[in-house]
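If you read the sequence shown in this note's numbering, its first letter stands for residue 14, the second for the next number, and so on. From the three backbone atoms N, C-alpha and C, an ideal C-beta is built for every residue, glycine too. Report on the structure given below.
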Amino acid sequence: SEGPTVTLGDQLNINKFAKANVKFKEESKVVELAKQELQNLEDAENDLMLLDDEDGLHPYLLGEVFVHLPAEEVTERLERKKLDLQQKCREHEERAASLRGEMAHLKKVLYDKFGDRINLDENPPAGAQRAG
Numbered sequence: 014s015e016g017p018t019v020t021l022g023d024q025l026n027i028n029k030f031a032k033a034n035v036k037f038k039e040e041s042k043v044v045e046l047a048k049q050e051l052q053n054l055e056d057a058e059n060d061l062m063l064l065d066d067e068d069g070l071h072p073y074l075l076g077e078v079f080v081h082l083p084a085e086e087v088t089e090r091l092e093r094k095k096l097d098l099q100q101k102c103r104e105h106e107e108r109a110a111s112l113r114g115e116m117a118h119l120k121k122v123l124y125d126k127f128g129d130r131i132n133l134d135e136n137p138p139a140g141a142q143r144a145g
């Protein structure tokens, strides 16, 4: 048997799924990079505390050049950057979660109609059955 016919609605759902999947990967990558940068900022903050040099000037990257600033100002700038990154992380995590939900719905609709004749999973193991 040839299986169910692909309608325009089905094709639109397949396209929506593909676009959502690309956006989901992009959002996930942004979150991953933001978390790495957050870790770097926390490491820099810890290193600054270990220096125990409250009165000295410390290099801080501003644009493409290093400027020397008091420890307190460097700490404040690091804190602000961390807060901004945490907000950015939350926003992108929310978008990724929304896309994940949209993809799950589209997957269900498409798998209900096409069963194993369609593959929407990334790199399934050889011979593995689709979960669902």
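{"Item": "Cβ-Cβ distance between His71 and Leu82 below 8 Å", "Value": "yes"}
{"Item": "Gly145 - DSSP class collapsed to helix/strand/coil", "Value": "In this prediction, Gly145 has a pLDDT of 45, which is less than 50 and means its spatial position is unreliable; nothing more can be read from the coordinates."}
{"Item": "Beta-carbon spacing of Phe30, Ala109 below 8 Å", "Value": "no"}
{"Item": "8 Å CB neighbourhood of Gly145 in its chain, flanking five on each side removed", "Value": "A caution first: Gly145 carries a pLDDT of 45, below 50, which makes its placement in the model unreliable, though a value can still be read off. Excluding residues within five positions, the ones whose Cβ falls inside 8 Å are Lys120, Lys121 and Tyr124."}
{"Item": "Alpha helix (DSSP H) segment containing Val122, residue limits", "Value": "Ala84 to Phe127"}
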